[in-house]
Amino acid sequence: MTDVFSKEKRSQVMSAVHSKGNKSTEIALISIFKSYKISGWRRNCQLTGKPDFVFPKHKIIVFVDGCYWHGHGCRKRKPGHNDKYWKEKISKNKKRDSFVTKELRNDRWKVIRIWECEIRKHKYARKINNIMSLL
Ligand SMILES: [Zn+2]
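Per this note's numbering, numbering through the sequence shown is continuous, rising by one, with the last residue being 148.
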């Protein structure tokens with residue numbers, strides 16, 4: 014298949030993809046919600062940690078965490094240059110994630126974090142059941 018984008022356009026598209034984080038995983042989760050008839054979620058709520066999905070009525074928060082950036086064990090990275098830099102960045106993200114979860118739980122939110130790989134590999138049933146049991 015030929016690339017429909019010019020080189021410049023392609024890099025613009027790619028940086029847009031990166032700046033929006035794990036957009037495609039979030040979109041996949043929306044269709045999962047729909048297929049389970051889960052509704053009542055909002056996006057872009059201004060809460061601690063900028064949650065991906067918020068169910069205001071039921072006080073549920075759902076995060077979709079990218080496996081690489083949030084340090085999930087499923088992603089084994091080959092050692093390379095700048096390793097220290099990335100390791101520090103990822104461990105900072107992990108600390109921030111647990112801080113955010115704790116803060117939100119202190120405010121009586123039920124926090125559910127779904128890994129990117131759970132969505133990609135269709136291993137989300139347990140997390141979806143969790144959400145449904147709270148609705
Ligand atoms: Zn993972």
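Using N, Cα and C, we set each Cβ at its ideal position, and we do this for glycine too. Source: prediction; values computed, not measured.
Cβ shell of T38 (< 6 angstroms), same chain only, five flanking positions each side left out
If you number the sequence shown from 1, residue 38 lands on position 25. Listed in chain order, the non-local C-beta contacts of T38 below 6 angstroms within the same chain comprise V77, E129 and I132, local neighbours out to five positions each way being set aside.
Residues that DSSP places opposite W128 in a beta bridge:
Translated into the one-based positions of the sequence shown, residue 128 becomes position 115. Looking at the DSSP assignment, W128 forms a beta bridge with D78.
How long is the line joining the alpha carbons of R139 and M145, rounded to whole angstroms?
In the sequence shown, the residue the question calls residue 139 occupies position 126. In the sequence shown, the residue the question calls residue 145 occupies position 132. If I take the Cα positions, the gap works out to 10 angstroms.
Express the C-alpha separation of N119 and K70 in angstroms, rounding to a whole number.
Here the question's residue 70 lines up with position 57 in the sequence shown. Here the question's residue 119 lines up with position 106 in the sequence shown. About 17 angstroms.
What does DSSP give as the partner residue(s) for R55 in the beta ladder?
Within the sequence shown, numbered from 1, the residue matching residue 55 stands at position 42. In the DSSP output, where bridge partners are listed per residue, R55 has V67.
Using a Cβ-based criterion (distance less than 7 angstroms to any ligand heavy atom), does H85 qualify as near ligand 1?
On the sequence shown, position 72 is the one that residue 85 refers to. At a cut-off of 7 angstroms, the beta-carbon of H85 counts as near ligand 1: some heavy atom of the ligand is closer than that.
With a 10 Å radius around its C-beta and 16 neighbouring C-beta atoms as the bar for buried, classify H94 as buried or exposed.
Indexing the sequence shown from 1 puts residue 94 at position 81. Exposed, because fewer than 16 other Cβ atoms sit within 10 Å of the Cβ of H94.
Strand pairing of I45, partner residues [DSSP]
Indexing the sequence shown from 1 puts residue 45 at position 32. Looking at the DSSP assignment, I45 forms no beta bridge with any residue, so it has no partner.
I need the straight-line Cα distance from L60 to S52, nearest angstrom please.
Taking the sequence shown and counting its residues from 1, one reaches residue 60 at position 47. Taking the sequence shown and counting its residues from 1, one reaches residue 52 at position 39. Cα-Cα distance, rounded: 19 angstroms.
When DSSP labels each residue in this structure, what does M123 get in the three-state scheme?
Looking up residue 123 in the sequence shown gives position 110. Looking at the sequence shown, residue 123 is not Met but Lys. Correct three-state label for K123: strand.
What does DSSP give as the partner residue(s) for I73 in the beta ladder?
Walking along the sequence shown from the start, residue 73 turns up at place 60. Its beta-bridge partners are F68 and K123.
Pick out whichever of K47, P64 and S44 has its Cα sitting closest to the Cα of V124.
Translated into the one-based positions of the sequence shown, residue 124 becomes position 111. Of the listed residues, the one whose Cα sits closest to V124 is P64.
Once DSSP output is grouped into helix, strand and coil, what is the label at L117?
Here residue 117 is taken as the residue at index 104 of the sequence shown, counted from 1. Helix at L117.
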